[in-house]
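Going line by line, the protein sequences match chains A and B.
Using the numbering used here, the first residue of the first sequence is number 928, and each one after it goes up by one.
Using the numbering used here, the first residue of the second sequence is number 1002, and each one after it goes up by one.
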Amino acid sequence: MKDTLSSLWRTLFGHPVRTFGTVSLLLLISMAIAPAKNHFSEWRHYQKQYLKLIASRGEAVTLQRHFHEHDGIQQIWLPQLGVVDRCTTCHVGLKEASLADVSTQPFRRHPVIPHTLDQFGCVMCHRGQGPATTVEEAHSSTLAWEQPILPARYVQSSCGQCHRDPLTGTPQLNLGRNLLGRYGCVHCHTIKLPDGSAMKATDDPPSLSHIADKTTREWIYAWLKDPQAYAVTATMPNFKLSDPDARDISAFLIANSTPIAGDTVPATKDAKAPDPAAGASLYGESFCASCHAVQNAAGNVVGGDVGPELTRVGTKVKPEWLRAWLHNPRVYDPGTAMPHYRFTDPQLSLLTAFLGNKTDSDLLANVHLDAATPEQIAHGKLLITEYGCASCHQISGIKKPDNFAPELTRIGSKPLTQIIFLPGMTHAIPDYIAAKIRQPRSFGAALKMPQFTLAPAQIDALTTALLALTDKANDLPMALTVPAKPPSNYQPAGKAGQLMADLACFSCHTINGRGGDMAPDLTWEGSSVQRPWLQAFLKNPGTLRPALIRRMPKFNLSDDDAKELTDYIMTVYQTPAFDRDSMPASGYPSPEVEQGRQLFYSKYACQSCHIVDTKADKGYIGPTLTLVGSRLSAAWIYHWLKDPQTMRPGTIEPNRNMNDEDARALTAFLMTQKGSSKQEAKK
Amino acid sequence: MKRYRPTLFVVFLLLMSAGCARKAGTASTLKPTAFGAALVESSGGKQIGPTGTVLAQPLVVQVNDEQGTAVPGALVEFSSPADVSFDPPSGLTDSSGQLSTNVALGAVARRYQLTAHTSTKAQKPVELKIEEIALGYQQQLGYQLDNKYCARCHNPESSAERVSNYDNLQVKPHPFTEGDTLNKMSDADLTAIISHGGPALNKSALMPPYGYTLSKAEIEALIAYIRLISDPPYNAAGTVYAQK
Chain A
928 MKDTLSSLWR TLFGHPVRTF GTVSLLLLIS MAIAPAKNHF SEWRHYQKQY
978 LKLIASRGEA VTLQRHFHEH DGIQQIWLPQ LGVVDRCTTC HVGLKEASLA
1028 DVSTQPFRRH PVIPHTLDQF GCVMCHRGQG PATTVEEAHS STLAWEQPIL
1078 PARYVQSSCG QCHRDPLTGT PQLNLGRNLL GRYGCVHCHT IKLPDGSAMK
1128 ATDDPPSLSH IADKTTREWI YAWLKDPQAY AVTATMPNFK LSDPDARDIS
1178 AFLIANSTPI AGDTVPATKD AKAPDPAAGA SLYGESFCAS CHAVQNAAGN
1228 VVGGDVGPEL TRVGTKVKPE WLRAWLHNPR VYDPGTAMPH YRFTDPQLSL
1278 LTAFLGNKTD SDLLANVHLD AATPEQIAHG KLLITEYGCA SCHQISGIKK
1328 PDNFAPELTR IGSKPLTQII FLPGMTHAIP DYIAAKIRQP RSFGAALKMP
1378 QFTLAPAQID ALTTALLALT DKANDLPMAL TVPAKPPSNY QPAGKAGQLM
1428 ADLACFSCHT INGRGGDMAP DLTWEGSSVQ RPWLQAFLKN PGTLRPALIR
1478 RMPKFNLSDD DAKELTDYIM TVYQTPAFDR DSMPASGYPS PEVEQGRQLF
1528 YSKYACQSCH IVDTKADKGY IGPTLTLVGS RLSAAWIYHW LKDPQTMRPG
1578 TIEPNRNMND EDARALTAFL MTQKGSSKQE AKK
Chain B
1002 MKRYRPTLFV VFLLLMSAGC ARKAGTASTL KPTAFGAALV ESSGGKQIGP
1052 TGTVLAQPLV VQVNDEQGTA VPGALVEFSS PADVSFDPPS GLTDSSGQLS
1102 TNVALGAVAR RYQLTAHTST KAQKPVELKI EEIALGYQQQ LGYQLDNKYC
1152 ARCHNPESSA ERVSNYDNLQ VKPHPFTEGD TLNKMSDADL TAIISHGGPA
1202 LNKSALMPPY GYTLSKAEIE ALIAYIRLIS DPPYNAAGTV YAQK
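Written as C-alpha cells, this is what we have:
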C-alpha cells in the first residue's frame, strides 16, 4: 500500500516539469467543476424536459416565448413577506392556463386560487425551502428538516396565517378553529391572537360547585371513567383515570358541593303516572330537538348540538333537579344557553317523566361505591388540582390555574429540536401535532393531556388550525393581515333586555353581530314585520318555512311580556336604510296587484321557492307567503325585492336586479296576501 | 484492518438482512385465516372531499365466498395509482366479513380510482374498483355554493336537515351529476344560465338568475365543480394540436 502511494507521488511530482503539468491539469479540472455542475444541474434537466413537452403542443410558440422571456433560474422576491422563491425554475408551467390537461409534475398548471404567484410566491402557502434549486433541498423529505413541504391535507393552514376571519374557501381551517373553542382546548392551552387578546373557548363547561343537587356520585364516577359511554357526542375528554382515582374525585365533588335554594323541587305526589306519549309530543312541540340530540335505535344521533345530548339523561339527573331546571334553568345556571320556558305544572310533570325515562341500566350497573372517607376526599381534591379540572369547570374552593398547559401561540413554527418524536414517526411538525391530538398519552403514560374522541377529519382540521399559528402569522405587519371581525358584546337594554336574556334569544338569533346562526338575524326585525303579527307570533310561533325541522319554540309568554318584547323590537331594531311606514299596508290599485301576480308567476317564477296559493304552489324553500301581507311591512318587501343581500347578508334569495316598477307591483300583490284575515273578511 | 474484514462483512450482512426484514415485515404480519371469492363495496365509494383530506366516511368493503356469504379473516389490501393513502392500508376482515379504511385523498383535483385486492384460496387475485372525487380549492368553493344555493332544487335527495324541492317543481332541474345533459353544454352556456336564469337558453323561468348574487369567480367555481362531479366524466374539448 505504502509502496504504491510513494511511487504514484514520484510519478506525479518527481520532476519540476511534471509537477507543473500535474498542478495545471488539476487546476483546469477544478475550474471546470463549476460550469459542469451548472450544466448538469437538476433544474436544467427539468427545463429541457419542459421544452420537449411544449414543443409538440398547438400553442408551442406562445409557450416557448413565455419560457424564453425568463431563461435560467427564476426567482420571486417579496421582501415584505420574507419570500425568496426559486420554485418556478423547475415548475415552469404554473402560470400557463393552456397546460390544464398536463398532469406530469413539475409542469402542471397551478389550480385556480384567489392569489397570484407574483403576489405571494410559493413557500407562503406550501412551506419548503424557497431559495433551493434541487428537488431534495426544496421539498426535503429527509428527516429532521425544519421546513419540509406542507402536505396537501393541511394546506389551508397557510391561509390562516394572514386570514383570521373565516373564509368560504377554507372549511377545514374554519372547522379547526371552531373545534379549538368547542372542545375547550384553549381553556388549558393559551393561544394569543395577534391583537393581544387570547382565543376564547365556546364550550361553556358546567360549574361543579353544586353538582350534588343535580346528579349522583355513581353517575359522576361512570362519567369520569368514560364520558362517551354516557353520550357519544360528549366533548369531555377521557382522562383514563384508575378506579380509585375516579372514586376519589367523585367523592370530593359530592362532598365539596353546596346546595342552591330552589334548584330542586320535591317530587309531586300525584299517583297518576304522566302519559309518555303526551310527554313525547310536548318534547316535540317545544322543539327541544333544535338544540338537544338523542341517539335513536339505529345509533344515529339526531338533533341539534347547542345543548347536551339527552339519550341517557334519566340515568344522570335527579328528577327533583330536572323539574326545577325545566321550570327555570337560570336558578341553577344563570348563564345557560337554555331558554326559560314558562311551562305549566302539568307540562313540567310530563316533561320530567318523559326525560326521566331516557335511562340506560347498563351505565351504572357495575358502579358500587362505599361511603367516602376523608382521605379519599382529600386525595380527590389533590387529583383535581393535578389534572387541572378547574381550567374548564368552576369548582368552589379551587382556583382556575393559569397557563395549565403549554402555550400554542407559535406551535406551527416550533423548532424540531425541541420536540421529542416517537420512534418510527416522521420528524415533521404536522405529524407531531396530529399524533399529539390523536393519542396524547402515547408520548408518555404520565402526561396529563386527556384522550379526546375525535373523527379523523376533526383531527386534520385541528392540526390545520394549529399549523396556522406560525412565527410568520404572529410577526406579519397588521397591514398585511385580514383581521377577524371583533366579537360583539351587544346587550339589549331595560326590561326587554332582561326578557331576551331569560328567553336566551341569542342562543339562536343574531342581533347586532352577537348570537347564534340557527335562526334569522333580527337586527332589523322592527323594519321588517308588522306589530300585530309579531306580538301574536311571540305568543304562539307559527310555521314560516314548512320544510325546516328547527323552529322557534312556544315559550308560553304572558301578554305583558309579549307586548314588552314587541315594543322593544319594533322601536329599536330598525334599519336606517328606509322608513318602515313609507309605503301603505293596503289600498293598492287592482291593476297593479294583477300585474304583480303576473310577475310573480311568470317573469320571476317566485313559485319555485315560495307558496302563495296553498293549492297550486309547491315551493318549499323560502317562507310561505300566504300571510305575508299581514306579516311584513310593504317598505321591507319592496326593498327586499330590490336587494335581498343588503337587507340580510347571506340570504339565498337571489338578487333579481328588479326595476322599481316591478318591485312596486310585486309588493302590491304580496300585500294582498293576508291569509286568515282575508278569509274572515269573506265570512 | 485485514483481521476485522470478515467480522465487518458479517455485521454488514446482518444489518442488511435486518433492514430487509423490517421492510418486508409490514406486509407479512397479516396472515389471512380465510379466503373469499368476491369483493363488494359496502359503503364509502363515490364520495367527494377536498384534496388531501380524509374522506368523511370510511371506505368499507366486504369479502364474500362463492355463495355470497361474508368471509371473516380474509386479507384485503388497498391500492391506488396516485398519492392516496389508506389507514390502514391492509387488514383482515372482521366477523361480518368487512374491512373499513380511512381514505386520505391525493393533492390533485380529480377522480381517484382506488382498488381493493384480495385473493382466493387458489391465490387468484380478486379486485374491486372504487372511485372517489377530490375537490381543489375552486371546486370546493363550487361545492359550497351548490350546497347553499342550488342543491335544494337540483339535488332530488332529501335529508332531515334539507328537504329537496325537486319534486315540487313542474319543470325538473338537472342534477349536477347528470353528465349526459350537462357535458353537452359549454362553459359559456352554463355561465349564461346561471347568470341570467333559465330563459337565457329558452328554458324554464323557474331557474332564477344568480348573476347579481354570485360573483364571476363564484360562477366559475360552480362550473368547475359541476364539471368534476359529472357522471359520465366531463372531457373538455381540450387543446387542438397542430398537424406536423
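Quick reminder that beta carbons are idealized off the backbone N, C-alpha and C, glycines included.
Using a 10 angstroms sphere on the CB of S1084/A, the tally of other CB atoms reaches 16 or more, which defines it as buried. Beta-bridge partners of R1054/A (DSSP): I1076/A.
Within the same chain, Cβ atoms closer than 8 angstroms to the Cβ of Q1058/B are found at S1044, G1045, Q1048, the five residues on either side in sequence being excluded.
At a cut-off of 7 angstroms between beta-carbon atoms, V1062/B makes no contact with chain A. Between the alpha carbons of C1112/A and P1132/A lies a gap of roughly 12 angstroms. The count of Cβ pairs closer than 8 angstroms, one atom from the segment 1085-1092 of chain A and one from the segment 1387-1407 of chain A, reaches three, so the stretches are in contact.
The C-beta of N1330/A comes no closer than 7 angstroms to any C-beta of chain B. Annotation for S1323/A: S1136 place their beta carbon closer than 6 angstroms to its own, counting only its chain and skipping 5 residues before and after. Residue pairing by DSSP puts G1230/A in a beta bridge opposite A1220/A. Listed as beta-bridge partners of N1065/B by DSSP are A1039/B, A1071/B. With distances taken between CA atoms, I1347/A lies nearest to Y1359/A out of P962/A, A1024/A, T1336/A, Y1359/A. Annotation for E1133/B: no alpha helix (DSSP H) segment contains it, though the beta strand (DSSP E) segment containing it runs 1126-1136. Between the segment 1568-1586 of chain A and the segment 1206-1217 of chain B, the count of C-beta pairs closer than 8 angstroms reaches three or more; the two stretches touch. When Cβ-Cβ separations below 7 angstroms define contact, N1582/A makes contact with chain B. DSSP lists E1132/B as the beta-bridge partner residues of Q1114/B. Closest in C-alpha terms to F1433/A, from the list K1422/A, D1448/A, G1421/A, A1420/A, comes D1448/A. A Cβ-Cβ separation of about 4 angstroms places T1594/A in contact with Y1565/A under the 8 angstroms criterion.
Against E1162/B, the close residues of chain A are I1476, in the order they occur along the chain (beta-carbon pairs closer than 8 angstroms).
If you look at L1389/A, you'll find it in the alpha helix (DSSP H) that goes 1383-1394. Counted as a single uninterrupted DSSP element, the alpha helix (DSSP H) harbouring E1302/A occupies residues 1301-1313. Look at the segment 1033-1056 of chain B: the residues with a C-beta under 7 angstroms from a C-beta of chain A are P1051, T1052, G1053, T1054, V1055.
Under the three-state reduction of DSSP output, K1530/A falls in the helix class. Proximity to V1055/B across A1561/A, D1153/A, A1384/A peaks at A1384/A, based on C-alpha coordinates. Within the segment 1476-1500 of chain A, the runs of alpha helix (DSSP H) that reach at least 4 residues and sit entirely inside it are, in chain order, 1486-1499.
When Y1081/A, H997/A, I1040/A, E1452/A are compared, the shortest CA-CA separation from Y1138/B is found for I1040/A. For L1100/B, the enclosing beta strand (DSSP E) stretches over residues 1099-1105. Identification of residues in the segment 1057-1084 of chain A having a C-beta nearer than 9 angstroms to some C-beta of chain B yields P1078, A1079, R1080, Y1081, V1082, Q1083, given in sequence order. In the DSSP assignment, S933/A falls outside any beta strand (DSSP E) and lies within the alpha helix (DSSP H) extending over 929-940. For the segment 1103-1134 of chain A, the full-length alpha helix (DSSP H) segments reaching 4 residues or more read 1112-1115 along the chain. Of all residues in the segment 1543-1554 of chain A, those with a C-beta nearer than 8 angstroms to a C-beta of chain B are K1545, G1546, Y1547, I1548, reading in chain order.
DSSP lists I1438/A as the beta-bridge partner residues of R1441/A.
According to the DSSP assignment, E1212/A belongs to the alpha helix (DSSP H) that extends over 1203-1212.
A direct Cα-to-Cα measurement between G1198/B and A1206/B gives close to 7 angstroms. Boundaries of the alpha helix (DSSP H) harbouring G1556/A: 1555-1558, taken from the DSSP string. At least one beta carbon of chain B lies nearer than 7 angstroms to the beta carbon of A1532/A. Proximity of the segment 1137-1156 of chain A to the segment 1176-1183 of chain A meets the contact definition, three or more beta-carbon pairs being nearer than 8 angstroms.
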